[in-house]
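Structure record follows, encoded as structure tokens.
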Amino acid sequence: MNKVKIIAEAGVNHNGTIDLAKKLIDVAAISGVDFVKFQTFKADKLVSKEAKKASYQYININDGDESQYSMLKLLELSDSMHRELIAYTSEKKIQFLSTCFDEASVDYLDKLGMPIFKIPSGEITNKPLLQHIAQKGKPVIMSTGMADMNEISDAIDILVDEGLILDQITVLHCTTEYPAPITEVNLKAMMTIAENFKVKVGYSDHTEGIEISLAAVAMGATVIEKHFTLDKSMPGPDHKASLEPTELINLVRSIRRIEQAIGNGNKIPSASETKNKEAARKSIHTKISIKKGKLLSKDDLIMKRPGDGISPMRLEEVVGKKAKTDMPADHKISYLEIE
18 MNKVKIIAEA GVNHNGTIDL AKKLIDVAAI SGVDFVKFQT FKADKLVSKE AKKASYQYIN
78 INDGDESQYS MLKLLELSDS MHRELIAYTS EKKIQFLSTC FDEASVDYLD KLGMPIFKIP
138 SGEITNKPLL QHIAQKGKPV IMSTGMADMN EISDAIDILV DEGLILDQIT VLHCTTEYPA
198 PITEVNLKAM MTIAENFKVK VGYSDHTEGI EISLAAVAMG ATVIEKHFTL DKSMPGPDHK
258 ASLEPTELIN LVRSIRRIEQ AIGNGNKIPS ASETKNKEAA RKSIHTKISI KKGKLLSKDD
318 LIMKRPGDGI SPMRLEEVVG KKAKTDMPAD HKISYLEIE
């Protein structure tokens with residue numbers, strides 16, 4: 018099977034500092050993820066000065082300031098920071114990704130050689146941005162938090178109308194809350210998206226812990242995206258709903274194990290279990306001692322291990338047959354002994 022792509026979402030957990038961003042890249046590299054992802058935006062283009070923080074942002078930061086603009090202004094990555102982080106990520110042998118929130122950011126990331134464009138949940142209804150991203154002709158991963166099926170359909174139609182093919186689009190099911198309540202995850206919706214739109218699907222996980230991501234992989238997710246941090250207690254909007262380094266390592270290790278377990282779907286005996294058939298299955302045995310010439314009845318027989326004789330599935334081929342020889346009780350019958 019194809020390898021699940023794991024995106025370690027650093028997001029804005031760098032708190033605006035290059036040193037912290039590099040430490041996050043170090044953790045991502047050690048964990049074995051495929052991508053480490055940041056966010057590319059200018060607060061002036063993303064939010065108005067009047068925009069208030071989301072409730073989770075206000076609670077998680079707890080600084081008494083309701084302004085989303087002032088929060089995001091401190092979390093911008095400069096051009097020099099982008100270039101330094103891309104070089105550092107390459108040095109660490111993983112790939113750099115960044116979410117874009119406006120057309121200028123799309124052009125900027127395209128010039129930096131971004132291989133994939135990530136569309137965040139909040140931009141799924143931003144038609145001009147969707148059109149601009151699709152026109153780049155690169156693969157797209159689109160999160161669908163807060164969206165219904167009609168909105169997802171509209172977004173996919175826009176991407177296709179602007180030149181993308183379905184094989185270039187991966188749609189991530191998502192619940193936009195930090196942390197997301199388990200009772201609101203609705204993982205089956207991921208499969209509904211796959212069945213309705215014939216696209217690759219994945220899961221952008223905002224729940225606490227790693228269990229839901231693992232369940233998504235077992236259900237068929239091709240991409241898993243998960244926030245991570247150095248320390249959940251750090252100040253910032255997303256730290257509290259992020260994995261710490263050990264958890265991220267465990268997530269990657271567990272996903273890779275689940276991949277090996279999924280298999281190809283063909284139900285046949287595996288190589289390791291074939292050798293156990295004889296010991297685990299049963300053959301037709303005599304329940305009592307049988308004299309030569311006796312017609313065998315069902316009451317004369319018992320099914321016992323080992324399974325290297327006549328299968329119980331062939332019972333009708335033994336019942337009513339005549340014993341050609343004396344047979345003791347607890348004897349494994351062969352076809353040569355009956356007629």
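My numbering puts the first residue of the sequence shown at 18, with every later residue one more than the last. Even glycine gets a Cβ: it sits at the ideal position worked out from N, Cα and C. Fair warning: this is a prediction, and the values are worked out from it, not measured in the lab.
Item to complete: Let me know if residue 182 comes out buried or exposed under the rule of 16 or more other beta-carbons within 10 Å of its beta-carbon.
Response: Counting from one through the sequence shown, the residue named residue 182 turns up at place 165. So residue 182 counts as exposed.
Worksheet item: How many Å lie between residue 197 and residue 235 at the Cα?
Response: Here residue 197 refers to the residue found at position 180 of the sequence shown. Here residue 235 refers to the residue found at position 218 of the sequence shown. Between residue 197 and residue 235, the C-alpha separation is close to 20 Å.
Practice prompt. Determine the DSSP secondary structure at residue 223, reduced to helix, strand or coil.
Written response: As a working note, residue 223 is residue 206 in the sequence shown. Residue state, collapsed to three classes: coil.
Worksheet item: CA-CA distance, residue 92 and residue 289?
Response: Position 75 of the sequence shown, counted from the first residue, corresponds to residue 92. Position 272 of the sequence shown, counted from the first residue, corresponds to residue 289. Spanning the two alpha carbons is a distance of roughly 53 Å.
Worksheet item: Should residue 344 be labelled buried (16 or more other beta-carbon atoms within 10 Å of its own) or exposed?
Response: Taking the sequence shown and counting its residues from 1, the one referred to as residue 344 is at position 327. Per the 10 Å Cβ criterion, buried.
Item to complete: Using the Cα positions of residue 190 and residue 271, report the straight-line distance between them to the nearest angstrom.
Response: Working through the sequence shown from its first residue, we reach residue 190 at position 173. Working through the sequence shown from its first residue, we reach residue 271 at position 254. Rounded to the nearest whole angstrom, the C-alpha separation of residue 190 and residue 271 is 20 Å.
Item to complete: Quick one: residues in its chain with C-beta nearer than 6 Å to the C-beta of residue 245, no 5 flanking neighbours on either side, listed in chain order?
Response: Within the sequence shown, numbered from 1, the residue matching residue 245 stands at position 228. Exclusion of the five residues before and after residue 245 leaves 25, 259, 260 and 265 as the residues of its chain whose Cβ lies within less than 6 Å of its Cβ.
Item to complete: Could you tell me the distance, in whole angstroms, from the CA atom of residue 263 to the CA atom of residue 210?
Response: Sequence index remark: in the sequence shown, residue 263 carries index 246 (1-based). Sequence index remark: in the sequence shown, residue 210 carries index 193 (1-based). Approximately 32 Å between the Cα atoms of the pair.
Worksheet item: Would you say residue 335 and residue 301 are within 8 Å of each other, going by their C-beta atoms?
Response: Stepping through the sequence shown from its first residue, residue 335 is reached at position 318. Stepping through the sequence shown from its first residue, residue 301 is reached at position 284. Contact: yes.
Practice prompt. Could you tell me how far apart the beta carbons of residue 247 and residue 44 are, in whole angstroms, since I believe they sit closer than 8 Å?
Written response: Locating residue 247 in the sequence shown gives position 230, where the first residue counts as 1. Locating residue 44 in the sequence shown gives position 27, where the first residue counts as 1. Their Cβ separation, rounded to whole angstroms, is 7 Å, which keeps residue 247 and residue 44 in contact under 8 Å.
Fill in: Segments assigned beta strand (DSSP E), at least 3 residues, entirely inside the region 194 to 280
Runs of the beta strand (DSSP E) spanning 3 or more residues and lying entirely within the region 194 to 280 occur at 217 to 222 and 240 to 244, in chain order.
Item to complete: Tell me, please, which residues DSSP counts as bridged to residue 134.
Response: As a first step, residue 134 is located in the sequence shown; it is residue number 117 there, counting from the start. In DSSP, residue 134 forms a bridge with 157.
Worksheet item: Span of the alpha helix (DSSP H) holding residue 172?
Response: In the sequence shown, residue 172 corresponds to position 155, counting from 1. For residue 172, the enclosing alpha helix (DSSP H) stretches over residues 166 to 178.
Worksheet item: From which residue to which residue does the beta strand (DSSP E) around residue 115 run?
Response: For the purposes of this step, residue 115 is taken as the residue at position 98 of the sequence shown. Counted as a single uninterrupted DSSP element, the beta strand (DSSP E) harbouring residue 115 occupies residues 112 to 117.
Item to complete: Check the DSSP bridge columns for residue 52 and list the partner residues they point to.
Response: On the sequence shown, residue 52 is found 35 positions in, with the first residue counted as 1. Answer is 24 and 112, bridged to residue 52.
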